[in-house]
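Report on one structure; see the data block that follows.
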Amino acid sequence: MTAVALRDGESPEHLLTRFRQAVQRDGILREIKQRRHFIPKSERRRIARAKAARRRRRAKRTSAA
223 MTAVALRDGE SPEHLLTRFR QAVQRDGILR EIKQRRHFIP KSERRRIARA KAARRRRRAK
283 RTSAA
């Protein structure tokens, strides 16, 4: 569970901003969105392979330019 402590002289608005940043950094919302629908392990592997191939193509394109 993500928690942030109030610092001395910190406004509640800034505390909320730090909390949102911590949630984003921890990937909590991304995980919740992924868990909305069941995706079989084979499908997750296929998606991961496609993402890796896309990253390789992009890296190759930027290094060649």
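Here the numbering used here is used: the first residue of the sequence shown is 223, the next is one more, and so on.
Where is the CB? At the ideal position from N, CA and C, for every residue including glycine.
Next on the checklist: Rounded to the nearest angstrom, what separates residue 276 and residue 231 at their Cα positions?
Outcome noted: For the purposes of this step, residue 276 is taken as residue 54 along the sequence shown, with counting starting at 1. For the purposes of this step, residue 231 is taken as residue 9 along the sequence shown, with counting starting at 1. Their backbone Cα atoms lie some 46 Å apart in a straight line.
Item to check | Secondary structure of residue 234, DSSP reduced to three states | outcome: Locating residue 234 in the sequence shown gives position 12, where the first residue counts as 1. Helix, per DSSP.
Checklist entry - Taking the runs of the beta strand (DSSP E) that are 3 residues or longer, which of them lie wholly in the stretch 234-277? => result none
Checklist entry - To the nearest whole angstrom, what separates the beta carbons of residue 237 and residue 228, a pair I think is in contact under 8 Å? => result For the purposes of this step, residue 237 is taken as the residue at position 15 of the sequence shown. For the purposes of this step, residue 228 is taken as the residue at position 6 of the sequence shown. Indeed they touch by this definition, with Cβ atoms about 6 Å apart.
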